[in-house]
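Colleague:
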Amino acid sequence: MSTNYNDDKCCSMWKKILTTSFWVIYPIMGVCFLHVLWLMNDRMDNIMVNSNEIFEKPEPFKDIEGPLRGNVIKGVDIALLKTPSEEMIAKGAKLYASKCVTCHGSTGDNGTLPNARKFGKDPFKNGRELSNVFKTITTGIAAGGMPPFDTETAEDRIALAHHIRSYSKLSPKVTDEDIKKLDKEYSVTVDKGAPHQIPIAMSIEILVEESNVKSLNVSKLLDRLHIDDGKSAEFLKSVSNNLKNTLISFNNSKVWKTDYSSFVKFISVNIQSSGLQSKMLVMEKAKLDKLHKYLVELYK
Numbered sequence: 164m165s166t167n168y169n170d171d172k173c174c175s176m177w178k179k180i181l182t183t184s185f186w187v188i189y190p191i192m193g194v195c196f197l198h199v200l201w202l203m204n205d206r207m208d209n210i211m212v213n214s215n216e217i218f219e220k221p222e223p224f225k226d227i228e229g230p231l232r233g234n235v236i237k238g239v240d241i242a243l244l245k246t247p248s249e250e251m252i253a254k255g256a257k258l259y260a261s262k263c264v265t266c267h268g269s270t271g272d273n274g275t276l277p278n279a280r281k282f283g284k285d286p287f288k289n290g291r292e293l294s295n296v297f298k299t300i301t302t303g304i305a306a307g308g309m310p311p312f313d314t315e316t317a318e319d320r321i322a323l324a325h326h327i328r329s330y331s332k333l334s335p336k337v338t339d340e341d342i343k344k345l346d347k348e349y350s351v352t353v354d355k356g357a358p359h360q361i362p363i364a365m366s367i368e369i370l371v372e373e374s375n376v377k378s379l380n381v382s383k384l385l386d387r388l389h390i391d392d393g394k395s396a397e398f399l400k401s402v403s404n405n406l407k408n409t410l411i412s413f414n415n416s417k418v419w420k421t422d423y424s425s426f427v428k429f430i431s432v433n434i435q436s437s438g439l440q441s442k443m444l445v446m447e448k449a450k451l452d453k454l455h456k457y458l459v460e461l462y463k
């Protein structure tokens, strides 16, 4: 009897302790949960608000009005590699704002992408030296989703590299050795020629005209072959499955005219597209040489 009483008393005591604990723990847990929600809400405001437009509306394409003569793009002044001018500094900031700010942020450390490099503190993939930052800008980082900017001029990429390096005191000074390395790999101080340019519409007209001339030439050659009953002409007809394609292939290239070896190489590379039969690849030299001489005369 006493044992049951003690057991009941013990159970009652534990129930009381657990009940009291629940009434204490649950409110605390509730307060903690609400606090976490409040913190997340505050953080979400910062995450969701983005001052920079991620998707910029592309400008409509505008072709050049007329032909432009090519010019010489001056190489970067060596002095600017070590100490950028105010103009270069301003150019670097402008380039950064248009090409880098969306991913890396306006301060270099507040980018919208979670894996974007924080320029102020994160280690650089290729190093913080000017030559290595220039390399990263030029080649990009495919694994990290960074595109290459190799279409920018060398001076623009140097300006951008200087700007990116300015975000951190960890960036080492530019040394003569670093400049030599940069110039050896990318020839940034060497003048480069820019090609002539013509409007797209004009280039299409030229291509169409060239195509028409080639088609007319092939038509004339076909007419000549149809009435030519010489041995070389008959031999060409016998080794071609599609005479028109064969004539077009030879008409579109001048390399095969150079010598016999160039002719044989041309045939081996273009055997399928030219309409020639595969037995041409193992044909004796005398026959191929005679055919080569005939075709050279035909395409004069």
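Just so we're aligned: the sequence shown equals residues 164 to 463 in my numbering.
Don't be surprised by glycine CBs; every beta carbon is placed ideally from N, CA and C.
Can at least three beta-carbon pairs, one atom from the segment 337–351 and one from the segment 239–249, be found at a separation below 8 angstroms?
Modeller: With the cut-off at 8 angstroms, the segment 337–351 and the segment 239–249 touch.
Colleague: Please state whether the Cβ-Cβ distance between G255 and A357 is less than 8 angstroms.
Modeller: Position 92 of the sequence shown, counted from the first residue, corresponds to residue 255. Position 194 of the sequence shown, counted from the first residue, corresponds to residue 357. No; because the gap between Cβ atoms is not below 8 angstroms, this pair is not in contact.
Colleague: Could you give the DSSP three-state label for K463: helix, strand or coil?
Modeller: In the sequence shown, residue 463 corresponds to position 300, counting from 1. It is coil, neither helix nor strand.
Colleague: For D319, which of K257, L370, F398 and F287 has the nearest alpha-carbon?
Modeller: One-based indexing of the sequence shown puts residue 319 at position 156. Of the listed residues, the one whose Cα sits closest to D319 is K257.
Colleague: Within the segment 217–255, note down every full alpha helix (DSSP H) run reaching 4 residues or more, in order along the chain.
Modeller: Whole alpha helix (DSSP H) segments, 4+ residues: 241–245.
Colleague: Just to confirm my understanding: we take P362, look at its own chain, exclude 5 residues before and 5 after, and list those with CB closer than 6 angstroms. What are they?
Modeller: For the purposes of this step, residue 362 is identified with residue 199 of the sequence shown, where counting begins at 1. So the qualifying residues of the chain are D226 and I227.
Colleague: Can you list, in chain order, the residues of its chain with a C-beta nearer than 7 angstroms to that of L439? Leave out the 5 residues immediately preceding and following it.
Modeller: In the sequence shown, counting from the first residue as 1, residue 439 sits at position 276. Excluding sequence neighbours, L439 sits near V402, S403, T409 and I430.
Colleague: Counting Cβ pairs, one atom from each stretch, are 3 or more of them under 8 angstroms apart for the segment 262–279 and the segment 332–344?
Modeller: With a cut-off of 8 angstroms, the segment 332–344 and the segment 262–279 do not count as touching, because too few Cβ pairs lie within range.
Colleague: Answer with buried or exposed for I369, where buried requires no fewer than 16 other C-beta atoms within 10 angstroms of its C-beta.
Modeller: Your numbering for residue 369 matches position 206 in the sequence shown. It counts as exposed.
Colleague: K288 to S331, Cα distance in whole Å?
Modeller: As a working mapping, residue 288 is identified with position 125 in the sequence shown. As a working mapping, residue 331 is identified with position 168 in the sequence shown. Rounded to the nearest angstrom, the two C-alpha atoms are 15 angstroms apart.
Colleague: Where does I342 sit, in a helix, a strand or coil, going by DSSP?
Modeller: The residue labelled residue 342 in the question sits at position 179 within the sequence shown. Reduced to three states, the DSSP call for I342 is helix.
Colleague: Is the segment 383–390 touching the segment 415–432 in the sense that three or more CB pairs, one from each, lie closer than 8 angstroms?
Modeller: The segment 415–432, when compared against the segment 383–390, does not touch it at the 8 angstroms Cβ threshold.
Colleague: Going by C-alpha distance, which of Q435, S441, F413 and S437 is nearest K456?
Modeller: Taking the first residue of the sequence shown as 1, we reach residue 456 at position 293. Nearest of Q435, S441, F413 and S437 to K456, Cα basis: F413.
Colleague: Please identify the residue among L451, L406 and K262 whose C-alpha is closest to the C-alpha of Y423.
Modeller: As a first step, residue 423 must be located in the sequence shown, where it is residue number 260. Minimum Cα distance to Y423 is reached at L451.
Colleague: For L439, does the three-state DSSP call read helix, strand or coil?
Modeller: As a position in the sequence shown, residue 439 is number 276, starting the count at 1. Three-state result, L439: strand.
Colleague: I believe I321 touches L244 by the beta-carbon criterion, under 8 angstroms. Please report the beta-carbon distance rounded to the nearest angstrom.
Modeller: Mapped onto the sequence shown, residue 321 falls at position 158. Mapped onto the sequence shown, residue 244 falls at position 81. That belief holds up - the Cβ atoms of I321 and L244 are roughly 7 angstroms apart, short of 8 angstroms.
Colleague: Quick check on this structure: which residue in H267, E250, V337 and S261 has the alpha carbon closest to the alpha carbon of E315?
Modeller: One-based indexing of the sequence shown puts residue 315 at position 152. Closest option to E315, Cα to Cα, is S261.
Colleague: What does the alpha-carbon distance come out to for the pair T299 and P335?
Modeller: Residue numbering aside, residue 299 sits at position 136 when the sequence shown is read from its first letter. Residue numbering aside, residue 335 sits at position 172 when the sequence shown is read from its first letter. Straight-line Cα distance between these residues: approximately 16 angstroms.
Colleague: Give me the DSSP bridge partner(s) of I304.
Modeller: One-based indexing of the sequence shown puts residue 304 at position 141. Looking at the DSSP assignment, I304 forms a beta bridge with M309.
Colleague: Tell me the DSSP secondary structure of S374 in three-state form.
Modeller: In the sequence shown, counting from the first residue as 1, residue 374 sits at position 211. S374 falls in the helix class under three-state DSSP.
Colleague: Please work out which residues of its chain come closer than 8 angstroms, Cβ to Cβ, to S294, disregarding the five sequence neighbours upstream and downstream, and give them in chain order.
Modeller: Here the question's residue 294 lines up with position 131 in the sequence shown. Once the five neighbours on either side are set aside, the close Cβ partners of S294 are D341, I342, K344, L345 and E348.
Colleague: Which residues share a DSSP beta bridge with K355?
Modeller: Counting from 1 along the sequence shown, the entry for residue 355 is found at position 192. In DSSP, K355 forms a bridge with I236.
Colleague: Do V235 and D354 come within 8 angstroms of each other at the CB atom, strictly closer than that value?
Modeller: Locating residue 354 in the sequence shown gives position 191, counting from the first residue. Locating residue 235 in the sequence shown gives position 72, counting from the first residue. Yes, they are a contact pair.
Colleague: Helix, strand or coil for L350? Go by DSSP, reduced to three states.
Modeller: Here the question's residue 350 lines up with position 187 in the sequence shown. One point to set straight first is that residue 350 is Ser, not Leu, in the sequence displayed. Looking at S350 - three-state DSSP - the assignment turns out to be coil, as it is neither helix nor strand.
Colleague: Which first and last residues belong to the alpha helix (DSSP H) in which D319 is found?
Modeller: For the purposes of this step, residue 319 is identified with residue 156 of the sequence shown, where counting begins at 1. Start and end: A317 to R328.
Colleague: How many Å lie between M365 and K284 at the Cα?
Modeller: In the sequence shown, the residue the question calls residue 365 occupies position 202. In the sequence shown, the residue the question calls residue 284 occupies position 121. So the alpha carbons of these two residues sit roughly 51 angstroms apart.
Colleague: Looking only at C-alpha atoms, which of L461, V264 and G229 sits nearest to G393?
Modeller: On the sequence shown, residue 393 is found 230 positions in, with the first residue counted as 1. Comparing Cα-Cα distances from G393 to each of L461, V264 and G229, the minimum goes to L461.
Colleague: When we look at the beta-carbon of S378 and count the other beta-carbons within 10 Å, is it buried (16 or more) or exposed?
Modeller: Along the sequence shown, read from residue 1 onward, the residue named residue 378 stands at position 215. Classification for S378: exposed.
Colleague: CB-CB under 7 angstroms to K407, same chain, minus the five flanking residues each way: which ones, in chain order?
Modeller: As a working note, residue 407 is residue 244 in the sequence shown. V381 and L385.
Colleague: Is DSSP giving S424 helix, strand or coil here?
Modeller: As a position in the sequence shown, residue 424 is number 261, starting the count at 1. It is helical.
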